[in-house]
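Asker: So the sequence lines, in the order shown, correspond to chains A and B. If you use this note's numbering, the first sequence corresponds to residues 14 to 130, in order. If you use this note's numbering, the second sequence corresponds to residues 104 to 215, in order. From the three backbone atoms N, C-alpha and C, an ideal C-beta is built for every residue, glycine too. It should be emphasised that the depicted structure is a prediction, and the values quoted were computed from it without experimental measurement. Before we start, here is the structure in question, set down as structure tokens.
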Amino acid sequence: AQKVTQAQTEISVVEKEDVTLDCVYETRDTTYYLFWYKQPPSGELVFLIRRNSFDEQNEISGRYSWNFQKSTSSFNFTITASQVVDSAVYFCALISAGGTSYGKLTFGQGTILTVHP
Amino acid sequence: EAGVTQFPSHSVIEKGQTVTLRCDPISGHDNLYWYRRVMGKEIKFLLHFVKESKQDESGMPNNRFLAERTGGTYSTLKVQPAELEDSGVYFCASSHPRRGTFFGPGTRLTVL
């Protein structure tokens, strides 16, 4: 069985601070995909990134960066110079059945990020 | 290209009533999923359709929940009779092998 743990329930920062959201996963599969989704106050789930288990390169997209470390089964997400618009619930998720990048997602509990002006 | 749509966006019903949620996937996406997030907890998988067939319904909580996908197009999720613990946000998602998984905006269900 697979499991995703986001130990941080809530994080509060002041604008322009950097913040890292932790994600630890468990799976017995060697091929799997990891995701981050953002849920803003409007409620929809917004896809941020997908990473497969064979690609451990870190990725940067603007103020967002992701650190994937198989050795520690972690896929952490960092927001640099946070902004109020970053306030949302962030979910880490895993697909490990069948080795496909689409399918049944296992989500973490979510981390509520609040960025104060 | 239109995204995944869900109707209604909000539903408030009383315990014992019936509610039907609808999901229209992205055109051409054979895979359709239902998920649910109960307040403060993780988003949990309910079931997976491939076209009109139920591929995996291991996450359905009990037999008060019935999902259908007529003709492999839109899907409905009926809760009958609704209980207080059914309150939450119900998400639908559709996926395509080469394009990824896309979520709808969710339906917020409140059972009083």
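Tell me which residues of the region 139–172 of chain B have at least one Cβ-Cβ distance to chain A shorter than 7 Å, keeping chain order.
Answerer: Within the region 139–172 of chain B, the qualifying residues are Lys144, Glu145, Ile146, Phe148, His151 and Asp159.
Asker: Thinking Ile129 (chain B) and Ser178 (chain B) are a contact (beta carbons under 8 Å), I'd like their distance in whole angstroms, please.
Answerer: With a Cβ gap of about 13 Å, Ile129 (chain B) and Ser178 (chain B) do not count as contacting.
Asker: In its own chain, which residues sit with a C-beta less than 6 Å from the C-beta of Arg140 (chain B), not counting the 5 before and 5 after it?
Answerer: Excluding residues within five positions, the ones whose Cβ falls inside 6 Å are Ile146, Gly191 and Val192.
Asker: Could you check whether Gln109 (chain B) and Gly175 (chain B) sit closer than 7 Å to each other, using their CB atoms as the reference points?
Answerer: Not closer than 7 Å, so no.
Asker: What number of angstroms, rounded off, separates the C-alpha of Leu61 (chain A) from the C-alpha of Gly75 (chain A)?
Answerer: One C-alpha to the other measures close to 12 Å.
Asker: Closest by CA to Gln52 (chain A), which one among B:Thr213, B:Arg125, B:Leu215 and B:Phe194?
Answerer: Per the Cα distances, B:Phe194.
Asker: Following the continuous beta strand (DSSP E) through Glu72 (chain A), name the residue where it begins and the one where it ends.
Answerer: First-last of the beta strand (DSSP E) with Glu72 (chain A): Glu72 to Ser74.
Asker: By how many angstroms is the C-alpha of Leu58 (chain A) removed from the C-alpha of Thr204 (chain B)?
Answerer: Cα to Cα, Thr204 (chain B) sits roughly 11 Å from Leu58 (chain A).
Asker: Take the Cβ of Arg64 (chain A) as the centre, count every other Cβ of all protein chains shown within 10 Å, and call the residue buried at 16 or more, exposed below.
Answerer: Burial call: buried.
Asker: Name the residue from A:Tyr46, A:Ala14 and A:Ser55 whose alpha carbon lies nearest to the alpha carbon of Asp68 (chain A).
Answerer: Minimum Cα distance to Asp68 (chain A) is reached at A:Tyr46.
Asker: Under the three-state reduction of DSSP, which class applies to Glu188 (chain B): helix, strand or coil?
Answerer: Looking at Glu188 (chain B) - three-state DSSP - the assignment turns out to be helix.
Asker: Say whether chain B places a C-beta atom closer than 7 Å to the C-beta of Gln122 (chain A).
Answerer: True, the Cβ-Cβ gap to chain B drops below 7 Å.
Asker: Under 7 Å between beta-carbons, which chain A residues line up against Pro128 (chain B)? List them in chain order, please.
Answerer: Simply none; closest approach about 12 Å.
Asker: Ile116 (chain B) bridges to which residues according to DSSP?
Answerer: In DSSP, Ile116 (chain B) forms a bridge with B:Val214.
Asker: Which residue's Cα is closest to the Cα of Tyr136 (chain B): B:Gln120, B:Gly209 and B:Ser114?
Answerer: Closest option to Tyr136 (chain B), Cα to Cα, is B:Gly209.
Asker: Using DSSP with H/G/I as helix, E/B as strand and the rest coil, what is Thr85 (chain A)?
Answerer: Looking at Thr85 (chain A) - three-state DSSP - the assignment turns out to be helix.
Asker: Taking only the alpha-carbon atoms, compute the straight-line gap between Val27 (chain A) and Thr173 (chain B) and give it to the nearest angstrom.
Answerer: Between Val27 (chain A) and Thr173 (chain B), the C-alpha separation is close to 49 Å.
Asker: With 7 Å set as the bound, which would you pick, yes or no: does the beta-carbon of Glu72 (chain A) sit closer than that to a beta-carbon of chain B?
Answerer: False, the Cβ-Cβ gap to chain B never drops below 7 Å.
Asker: Spatial neighbours of Lys29 (chain A) within its chain, please: C-beta separation below 7 Å, excluding the five flanking residues on both sides.
Answerer: Ala94 and Ser95.
Asker: Residues in the region 48–72 of chain A with C-beta within 9 Å of chain B's C-beta atoms, listed in sequence order?
Answerer: Of all residues in the region 48–72 of chain A, Phe48, Tyr50, Gln52, Ser55, Gly56, Glu57, Leu58, Val59, Phe60 and Arg63 have a Cβ within less than 9 Å of some Cβ in chain B.
Asker: In whole angstroms, give me the CA-to-CA distance for His132 (chain B) and His199 (chain B).
Answerer: Looking at the two C-alpha atoms, the distance is approximately 5 Å.
Asker: What does the alpha-carbon distance come out to for the pair Cys126 (chain B) and Ser86 (chain A)?
Answerer: When rounded, the distance between both Cα atoms is 34 Å.
Asker: Name, please, each residue of chain A whose Cβ falls closer than 8 Å to the Cβ of Pro208 (chain B).
Answerer: Result: Ser55, Gly56 and Glu57.
Asker: Report the option in A:Val128, A:Thr91, A:Glu39 and A:Ser55 whose CA atom is closest to the CA atom of Ser66 (chain A).
Answerer: Comparing Cα positions, the closest option is A:Glu39.
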